[in-house]
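Working notes, beginning with the structure itself.
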Amino acid sequence: MAGIFSRLFHRDRPESLRCGAVVPAAGSSTRMGQDKVLLPLDGVPVIIRTLRALDNCPLIDEIVVVTREDLIVPISGLCRDAALSKVRKVVRGGETRTQSVLAGVEELSRSIELAAIHDGARPLVSQKVLEEAIRRAAQCGAAAPAVPVKDTVKVARDGLVESTPDRSVLYAVQTPQVFQRDLIRGALTKALEADADLTDDCSAVERLGIGVALTQGDYCNLKLTTPEDVAMAEALLAWREEV
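Add 21 to the 1-based position in the sequence shown for this note's numbering, that's all there is to it.
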């Protein structure tokens with residue numbers, strides 16, 4: 022363990038830590054109305070666009086996809102057809118995101134020391150966002166990309182505004198959220214034991230009083246949740262080809 026942490030805080034060579042990606046894709050897609058990870062995005066399934074970005078990242082050594090039992094065969098077939106060399110396993114997730122992510126972390130090879138958790142429905146993640154988060158986590162143990170919130174945010178109850186937080190300190194956190202593997206495994210396990218309601222993986226680490234470093238995110242790195250998001254992603258793909 023001492024050897025792991027001595028390399029964890031070695032700032033010059035984050036590549037010396039083997040990093041595995043866990044891709045949760047087990048949601049019910051209720052707001053989308055259909056399985057969003059299988060939706061075609063400019064002719065390519067969303068999950069394949071996501072996995073291809075991870076597969077192309079030189080700092081990622083292997084990938085574990087976590088999905089519903091009924092999607093294991095379809096997603097496995099798509100990965101095989103796309104010749105994604107780093108996809109090691111496609112496994113069944115749990116009833117909650119926390120259970121699914123922990124299942125994926127447990128399936129990573131023993132030699133993996135960093136776990137990069139990336140939403141299956143974030144197909145437009147850039148190599149810059151991926152690499153910056155991984156390199157920062159190699160330095161400090163926990164990192165995630167984020168972007169400043171553009172809109173004014175209101176805290177409301179029963180339809181009435183209670184307060185207006187200072188927008189200058191608000192950030193929208195994205196994925197990949199990258200952690201030292203033993204850290205996130207322990208944090209997720211404790212969160213499950215406490216029946217904690219988590220909306221992201223950073224929250225599990227924050228519960229332990231451990232800080233998470235923020236890296237530069239990308240407004241294009243949106244999560245596909247509703248049909249409008251798919252239309253926006255299509256437009257962003259076309260825009261990227263023009264610039």
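By construction, the Cβ of each residue, glycine as well, lies at the ideal position given by its N, Cα and C atoms. Note that the structure is predicted; figures quoted are calculated from it, not measured.
- Below 8 Å, too few C-beta pairs join the segment 66-74 and the segment 162-173 to call them touching: fewer than three.
- If you draw a 10 Å sphere on the C-beta of residue 181, you find fewer than 16 other C-beta atoms in it, and that means exposed.
- Counted as a single uninterrupted DSSP element, the stretch harbouring residue 41 is not any alpha helix (DSSP H) but the beta strand (DSSP E) occupying residues 40-46.
- By the C-beta criterion, the segment 229-236 is judged to be in contact with the segment 153-162, since at least 3 inter-stretch pairs fall below 8 Å.
- In the three-state reduction of the DSSP assignment, residue 224 falls in the helix class.
- Secondary structure at residue 197: coil, using DSSP grouped into helix, strand and coil.
- Counting along the chain, the unbroken alpha helix (DSSP H) around residue 156 starts and ends at 148-161.
- Cβ neighbours of residue 241 within its own chain (closer than 8 Å, five residues either side excluded): 145, 147, 257 and 261.
- Shown here, residue 109 sits in a strand according to DSSP, grouped into three states.
- Assignment of beta-bridge partners to residue 237 by DSSP yields 167.
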